[in-house]
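Under this note's numbering, the residue at position 12 of the sequence shown is numbered 12, and the numbers go up by one with no gaps.
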Amino acid sequence: MKKVILSPATPQGEVRVPPSKSAAHRAILCAALSRGRSVVDSLDLSADILATLRAADLLGASVRPQPGGVIIDGTHIFQAKSAEIHCGESGSTLRFLVPIAAAGGVACTFTGSGRLPERPLDPLLSLLREHGVACETDGVHSLPLAISGRLQGGIFQLPGDISSQYITGLLMALPLCEEDSEIRLTTPLQSAGYVDLTLQMLSSFSVRIEKIPNGWRIPGGQSYRAHNMMVEGDWSAAAFFLAAGAMGGEVSVRGLNRRSMQGDRACKAILTQCGAHLRWSGDTLTSKAFPLSAFQIDASQIPDLVPILAVLGACCAGDTYIYNASRLRLKESDRLESTAAGLEALGIPVTQTADSLTIHGGHAIRGGTVDGYNDHRIVMAFSVAAMRADDTVIISDAQSVRKSYPSFFEDYRKIGGVANVVDLG
């Protein structure tokens, strides 16, 4: 276990954010499902991405590292009769791979760590059982999960306000079924940007998906075609440094695609809305501090941004309201509770409901001790808050940043942040 000790600082400088974790998961799996050799370049080997690479290897794909990326050959995918896949704490790895393995007819046991065994999987498992897949859990937790049988195509009906990861997993798996399929949403889609990213990636690997009212039609019997892919910069990671610039300095973030399908690209519009000054130069976006005003945000499409937006709200005049956020209670931590607790520990009053946070801005950020809840986004968000604090901030579970952004504190120091990571033994 580690903690990080942070001192106040004025952020100034430039960073290049890591490749998009969301895009990387999808590129790796599309390459693994392709007959032939694909190169996936610009990978950051975070814990979550390593979990997906190991899973692809266990399912029969050849995964060979090269500088900055991997070479993946899916010619022998699904030739293994069985596999035991440890997903770490990666919800994407688990929820994408369960239907993919089922489509390949591989008997798999899935395990995980942290809060992953407690995170819901029932809506997806119910659909799989309806379409020829046996799914066994202990009845209390989602993991360990054992699946067997082969996924059959057909009609898959599910709400749009559950995890978009279920939809992505099905969109990647159903083209491999013999039968045609349809995914029909019974409620409006949340986190739509992640599904758009999936559809774009599938198209890159020559998989056809047809949009229909309230869903998609997926022709069966398709083959993925090998494709070389450069993973774009991660807007989720960029949000931390863009917010740091907006809150009290000037920070440039390199490596961003201004037309990205990543939903968290919305952070730019939100920062502009609350008063920050942002400007583009090529693939570099610069965020500069200006007086900030409170904002209201529907979090249903951008749940991963909530911790850093809540910290941003602490630096805004007025009350910032973040709503439609109940799904954050089922992340690596209960992120509504952990975000509220962190703000209160630093002297910022917060009102919390079942699905919302109201951050009462206009108060000084104090020094103090924040529980990181072993949640990478909580640790990174409150490290940004520490720059504006009036004294030292100590955050537990600093090692959790390895999940998505192993070099976070190195980049934090590049913009003037003062961070001392201490090993607690």
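For each residue, glycine too, the CB sits at the ideal point set by N, CA and C.
Would you mind listing the alpha helix (DSSP H) stretches within the region 44-104 that are 4+ residues and don't spill past its ends, in chain order?
-> 47-58 and 91-103
Can you list, in chain order, the residues of its chain whose CB lies under 6 angstroms from that of Ala-386, leaving out five sequence neighbours each side?
-> Leu-6 and Val-393
Pull up the distance between the alpha-carbon of Asp-391 and that of Gly-318, whole angstroms please.
-> 23 angstroms
For Lys-288, name the three-state secondary structure that DSSP assigns.
-> strand
For the region 339-422, which segments carrying the alpha helix (DSSP H) assignment without a break, of at least 4 residues, lie completely within its bounds, in sequence order?
-> 376-387 and 408-414
Kindly indicate the opening and closing residues of the alpha helix (DSSP H) around His-25.
-> 21-32
Uninterrupted alpha helix (DSSP H) stretches inside the region 204-263 (no shorter than 4 residues) = 235-248
Which of helix, strand or coil does DSSP assign to Gln-12?
-> strand
Rounded to a whole number of angstroms, what is the C-alpha to C-alpha distance between Gly-112 and His-227?
-> 30 angstroms
Quick one: grab the DSSP three-state call for Gln-165.
-> helix
So who's on the other strand from Ile-183, going by DSSP bridges?
-> Phe-156 and Trp-216
In chain order, what residues of the same chain have a beta carbon less than 8 angstroms from the beta carbon of Arg-95, not counting five sequence neighbours either side?
-> Leu-121, Leu-124, Ser-163, Gln-165, Tyr-166, Thr-168 and Gly-169
Using the Cα positions of Gly-245 and Gly-13, report the straight-line distance between them to the nearest angstrom.
-> 9 angstroms
Taking C-alpha atoms, which residue in Asp-41, Glu-410, Glu-84 and Ser-46 lies nearest to Ala-56?
-> Glu-84
Neighbourhood of Gln-296 by C-beta distance below 7 angstroms, restricted to the same chain and skipping five residues each side | Tyr-321
Taking just the CA atoms, how far does Ile-270 sit from Arg-279?
-> 14 angstroms
Proximity winner among Pro-19, Pro-99, Pro-18 and Gly-149, relative to Leu-33 (alpha-carbon distances) = Pro-99
Just mark Met-380 as buried or exposed, buried being the case when its beta carbon has 16 or more other beta carbons within 10 Å.
-> buried
Would you give the residue range spanned by the beta strand (DSSP E) that Ser-126 belongs to?
-> Segment 122-130 is the alpha helix (DSSP H) holding Ser-126; no beta strand (DSSP E) there.
How would you write the range of the alpha helix (DSSP H) that Val-311 sits in, first residue to last?
-> 306-314
Classify Glu-337 as helix, strand or coil using the three-state DSSP reduction.
-> helix
Pick helix, strand or coil for Ile-302, following the three-state DSSP scheme.
-> coil
Val-401 and Ala-9: beta carbons closer than 8 angstroms?
-> no
In the DSSP assignment, what are the bridge partners of Val-4?
-> Ile-395 and Val-421
Please name the residue or residues paired with Tyr-437 in a DSSP beta bridge.
-> Only positions 1 to 425 of the chain appear in this structure, which leaves residue 437 out of reach.
In whole angstroms, what separates the C-alpha of Arg-327 from that of Arg-377?
-> 15 angstroms
Between Ser-46 and Pro-406, is the Cβ-Cβ spacing less than 8 angstroms?
-> yes
Measuring CB to CB, does Ala-61 end up less than 8 angstroms from Gly-74?
-> yes
Outcome for Arg-366 when other beta-carbon atoms lying within 10 angstroms are tallied against a minimum of 16 | exposed
Nearest to Leu-151 by alpha carbon, out of Ala-398, Leu-285 and Arg-129?
-> Arg-129
Could you please give me the residues that DSSP links to Arg-35 through a beta bridge?
-> Arg-225
Report buried or exposed for His-76, applying the criterion of at least 16 other Cβ atoms within 10 angstroms of its Cβ.
-> exposed
Kindly list the residues whose CB is nearer than 7 angstroms to the CB of Leu-336, restricted to its own chain and excluding five residues on each side of it in sequence; keep chain order.
-> Ala-325, Leu-328, Arg-329, Gln-352 and Leu-357
Tell me Ser-42's beta-bridge partners as DSSP assigns them.
-> Partner(s): none; Ser-42 has no beta bridge.
Element boundaries [beta strand (DSSP E), containing Thr-272] | Run containing Thr-272: none in the beta strand (DSSP E); it sits in the alpha helix (DSSP H), 266-274.
Ser-92 to Lys-268, Cα distance in whole Å?
-> 25 angstroms
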